[in-house]
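Using the numbering used here, the first residue of the sequence shown is number 7, and each one after it goes up by one. All C-beta atoms in this analysis are idealised placements derived from N, C-alpha and C, irrespective of residue type, glycine included. Reviewing the structure listed below.
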Amino acid sequence: MATDNAAGLAGVIAGQTAIATVGKQGKGLTYRGYSIHDLAEHSNFEEVAYLLIYGRLPKQAELLEYRTKLRGQRGLPAALKSVLEQIPRSTHPMDVMRTGCSMLGTLEPEGPGHDQFAVANRLTACFSGMLLYWHHFHAGGKRIDTETDDDTTAGHFLHLLHGKKPDELHRRAIDVSLILYAEHEFNASTFTARTITSTLPDFFSAVTGAIGALRGPLHGGANEAVMELIEKFPTPDAAERGVLEMIAAKKLIMGFGHRVYKISDPRSDVIKAWSKKLAEAHGDERLYRVSERIEQVMRREKNLFPNLDFYSASAYHLCGIPTAMFTPLFVVSRITGWAAHIIEQRADNRLIRPNADYIGPEPRPFVPIANR
Ligand code: ACO
Numbered sequence: 007m008a009t010d011n012a013a014g015l016a017g018v019i020a021g022q023t024a025i026a027t028v029g030k031q032g033k034g035l036t037y038r039g040y041s042i043h044d045l046a047e048h049s050n051f052e053e054v055a056y057l058l059i060y061g062r063l064p065k066q067a068e069l070l071e072y073r074t075k076l077r078g079q080r081g082l083p084a085a086l087k088s089v090l091e092q093i094p095r096s097t098h099p100m101d102v103m104r105t106g107c108s109m110l111g112t113l114e115p116e117g118p119g120h121d122q123f124a125v126a127n128r129l130t131a132c133f134s135g136m137l138l139y140w141h142h143f144h145a146g147g148k149r150i151d152t153e154t155d156d157d158t159t160a161g162h163f164l165h166l167l168h169g170k171k172p173d174e175l176h177r178r179a180i181d182v183s184l185i186l187y188a189e190h191e192f193n194a195s196t197f198t199a200r201t202i203t204s205t206l207p208d209f210f211s212a213v214t215g216a217i218g219a220l221r222g223p224l225h226g227g228a229n230e231a232v233m234e235l236i237e238k239f240p241t242p243d244a245a246e247r248g249v250l251e252m253i254a255a256k257k258l259i260m261g262f263g264h265r266v267y268k269i270s271d272p273r274s275d276v277i278k279a280w281s282k283k284l285a286e287a288h289g290d291e292r293l294y295r296v297s298e299r300i301e302q303v304m305r306r307e308k309n310l311f312p313n314l315d316f317y318s319a320s321a322y323h324l325c326g327i328p329t330a331m332f333t334p335l336f337v338v339s340r341i342t343g344w345a346a347h348i349i350e351q352r353a354d355n356r357l358i359r360p361n362a363d364y365i366g367p368e369p370r371p372f373v374p375i376a377n378r
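The following block contains the structure:
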């Protein structure tokens, strides 16, 4: 018999990993043993990508070489650009990421000369370009060059989005958010990637499926939903009234709660500090103050804490990122965690195929169509 706590696989250990710990006693959130706080403070996204994909921190020369490699792989094949041009303007950008990833898998399939590490790096390098090529084509009829000379993924993304090099405050804010979003053990999208990987298909199939899983508002889509919530409120008092009404109506408040964390999400304080720093720099603290009040109300009324998606929304908004691109930016980062898990799953694979607790009708005689 399935027990209630197996619903949603809550609390079930579904495999082993050497990539990350999430909420483990005495460890907290770590990537390959390094604390998320140290990584967010002292590291950068490419270093973290290397750590996740290759299993160790790069030396200085290796990091430079890795950045050069990623920079060299930002161009998009003509056939992919043509598909991006045909995706309707009204499409959600997450569907652009999903379709773009799948299409690239037909043009540059995994195989001899293009192994799993090459695919992981190619996707890490070109997801920003895929999204922003589609965006500029449909928003302004421009066919942008997706190659920039920016060393960092954060700088490259903002450069393509705004058509100019970003200032350092915005670049570093995005860089830190990419570090925070890069990996999170057996979350829904990563587990999807591992489940698909376990049937032994190509790398692109696993990533395409993972993007689909990330899209929903209970997972990555929450950062977009948070923005839609906080921008409605002109003041903290209005936010308090609005959220109390939502709680009374038993509505979910996006950006709160977590399946694994029970007291706090260690990533939240880091992104909250960045949200505050950006608000002060812009001289516009409305969204930050609204968010802070919602945090207080949720703690008081529901004993719930913000997860990473909550303060990411105001931080991304202040970096000039359109709301519908919040979750695609999550993809730009999480590809590295997915890649690490696909590689790990393949190294010691067993088909992921659980059982179900059957609750349907008892065996019964078939009724011919004329007698129904
Ligand atoms: N708002 C209001 N109530 C909530 C919230 C929330 N955000 N989250 C949990 N609760 C309540 C539930 O309604 C439930 O109440 P009940 O016991 O009275 O029924 C209780 O807290 C326990 O919640 P569960 O649904 O059992 O938690 P679960 O582990 O299944 O879900 C999840 C976790 C999906 C993250 C949930 O907290 C949620 O829906 N949050 C909002 C969406 C969100 O922010 N997702 C982002 C996750 S982090 C990430 O992807 C980076």
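Residues in its own chain within less than 7 angstroms of Gln351 by CB, not counting five upstream and five downstream? By one-based count along the sequence shown, residue 351 stands at place 345. Taken in chain order, the residues that qualify are Arg200, Thr203, Ser204.
Measuring alpha carbon to alpha carbon, tell me which of Ser183, Gln31, Leu206 ends up nearest Ala268. Reading the sequence shown from its first residue, position 262 is the one you call residue 268. Before going on, a small fix: residue 268 reads as Lys here, not Ala. Nearest option by C-alpha distance: Gln31.
Whose C-alpha, out of Ala228, Val266, Lys282, is nearest the C-alpha of Leu258? The residue given as residue 258 occupies position 252 in the sequence shown. When each option's Cα is compared against that of Leu258, the closest is Ala228.
Helix or strand or just coil, what does DSSP make of His120? Here the question's residue 120 lines up with position 114 in the sequence shown. Note: His120 maps to strand in three-state DSSP.
What beta strand (DSSP E) runs, 3 residues minimum, are completely inside the segment 30-77? Entirely contained in the segment 30-77, the beta strand (DSSP E) runs reaching 3 residues are, in chain order, 34-37.
Verify the contact flag: Asp101, CB atom, against every heavy atom of the ligand ACO, threshold strictly below 7 angstroms. The count along the sequence shown starts at 1 and reaches residue 101 at position 95. In this structure, Asp101 has its beta carbon at no less than 7 angstroms from each heavy atom of the ligand ACO.
What does Ala26 pair with, by DSSP beta-bridge criteria? Indexing the sequence shown from 1 puts residue 26 at position 20. Residue pairing by DSSP puts Ala26 in a beta bridge opposite Tyr37.
Indicate the three-state DSSP secondary structure (helix, strand or coil) for Phe262 in the structure shown. As a working mapping, residue 262 is identified with position 256 in the sequence shown. Reduced to three states, the DSSP call for Phe262 is strand.
Coarse secondary structure for Pro312, derived from DSSP in three states: Counted from its first residue, the sequence shown places residue 312 at position 306. Judged by DSSP in its simplified three-state form, Pro312 adopts strand.
Does DSSP classify Ala8 as helix, strand or coil? By one-based count along the sequence shown, residue 8 stands at place 2. With a pLDDT of 45 at Ala8, under the threshold of 50, the modelled position of that residue is not reliable, and the figure given next carries that caveat. Under the three-state reduction of DSSP, Ala8 is assigned to coil, being neither helix nor strand.
Within the present structure, is the beta-carbon of Ile6 separated from the nearest heavy atom of the ligand ACO by less than 7 angstroms? Residue 6 lies beyond the range of the chain shown here (7 to 378); nothing can be said about it.
Excluding sequence positions up to five away, which residues of its chain have a Cβ less than 8 angstroms from the Cβ of Ser41? Locating residue 41 in the sequence shown gives position 35, where the first residue counts as 1. For Ser41, same chain residues with a beta-carbon under 8 angstroms away, outside a window of 5 residues either side, are Gly34, Leu35 in chain order.
Would you call the CB atoms of Lys278 and Tyr317 closer than 8 angstroms? As a position in the sequence shown, residue 278 is number 272, starting the count at 1. As a position in the sequence shown, residue 317 is number 311, starting the count at 1. Yes, Cβ-Cβ distance for Lys278 and Tyr317 is below 8 angstroms.
Tell me whether Phe262 counts as near the ligand ACO, meaning its Cβ is closer than 7 angstroms to at least one heavy atom of that ligand. Numbered from 1 along the sequence shown, position 256 holds the residue referred to as residue 262. Checking every heavy atom of the ligand ACO against the Cβ of Phe262, one is found closer than 7 angstroms.
Whole-angstrom distance between Gly263 and Gln122, CA atom to CA atom: On the sequence shown, position 116 is the one that residue 122 refers to. On the sequence shown, position 257 is the one that residue 263 refers to. CA-to-CA, the gap between Gln122 and Gly263 works out to about 34 angstroms.
Check the C-beta distance from Tyr139 over to Lys87 and give it rounded, since I have them as a contact under 8 angstroms. Residue mapping note: residue 139 aligns to position 133 of the sequence shown, counting from 1. Residue mapping note: residue 87 aligns to position 81 of the sequence shown, counting from 1. Yes, they are in contact, since the Cβ atoms of Tyr139 and Lys87 sit about 6 angstroms apart, within 8 angstroms.
Helix, strand or coil: how does DSSP classify Lys87 here? Walking along the sequence shown from the start, residue 87 turns up at place 81. In this structure, Lys87 counts as helix in the three-state DSSP scheme.
Among Phe209, Gly343, Thr97, nearest to Glu53 - alpha-carbon criterion: Counted from its first residue, the sequence shown places residue 53 at position 47. Checking every option, the nearest Cα to that of Glu53 belongs to Gly343.
I'd like the span of the alpha helix (DSSP H) that includes Thr201, first residue to last. Within the sequence shown, numbered from 1, the residue matching residue 201 stands at position 195. Per DSSP, Thr201 is one residue of the alpha helix (DSSP H) stretching across 194-203.
With the cut-off set at 8 angstroms, would you say Val182 and Trp280 are in Cβ contact? Along the sequence shown, one-based indexing puts residue 182 at 176. Along the sequence shown, one-based indexing puts residue 280 at 274. Yes. Within cutoff.
With DSSP as the reference, label Ala20 as helix, strand or coil. Numbered from its first residue, the sequence shown carries residue 20 at position 14. Coil.
Of all the options Thr23, Ile25, Gly29, Leu69, which has the alpha carbon lying nearest to the alpha carbon of Val266? As a working note, residue 266 is residue 260 in the sequence shown. In terms of CA proximity to Val266, Gly29 leads the group Thr23, Ile25, Gly29, Leu69.
Flag His347 as yes when its Cβ comes closer than 7 angstroms to any non-hydrogen atom of the ligand ACO, and as no otherwise. Position 341 of the sequence shown, counted from the first residue, corresponds to residue 347. Checking every heavy atom of the ligand ACO against the Cβ of His347, none is found closer than 7 angstroms.
Euclidean distance between Cα positions of Asp101 and Gly61: On the sequence shown, position 95 is the one that residue 101 refers to. On the sequence shown, position 55 is the one that residue 61 refers to. Straight-line Cα distance between these residues: approximately 30 angstroms.
Pick out whichever of Gly169, Phe209, Glu174 has its Cα sitting closest to the Cα of Met109. Taking the sequence shown and counting its residues from 1, the one referred to as residue 109 is at position 103. Distances from the CA of Met109 to each of Gly169, Phe209, Glu174 were compared; the closest alpha carbon is that of Phe209.
Do you know how far the Cα of Leu293 is from the Cα of Gln79? Start at 1 with the first residue of the sequence shown, and residue 79 comes out as number 73. Start at 1 with the first residue of the sequence shown, and residue 293 comes out as number 287. C-alpha separation (whole angstroms): 37 angstroms.
In terms of residue numbering, what span does the alpha helix (DSSP H) encompassing Leu382 cover? Coverage of the chain is limited to positions 7 through 378, which leaves residue 382 absent and any answer about it impossible.
First and last residue of the uninterrupted alpha helix (DSSP H) at His288: Numbered from 1 along the sequence shown, position 282 holds the residue referred to as residue 288. Segment 272-288, the alpha helix (DSSP H) holding His288.
If you run the structure through DSSP and keep just helix, strand and coil, what is Arg292? Numbered from its first residue, the sequence shown carries residue 292 at position 286. In the structure shown, Arg292 sits in a helix (DSSP, three-state: H, G or I).
Please list the terminal residues of the continuous alpha helix (DSSP H) segment that includes Leu235. Within the sequence shown, numbered from 1, the residue matching residue 235 stands at position 229. Counted as a single uninterrupted DSSP element, the alpha helix (DSSP H) harbouring Leu235 occupies residues 228-236.
Between Asp157 and chain C, is the shortest Cβ-Cβ distance under 8 angstroms, so that the two count as touching? The structure shown contains no chain C; it holds only a single protein chain.
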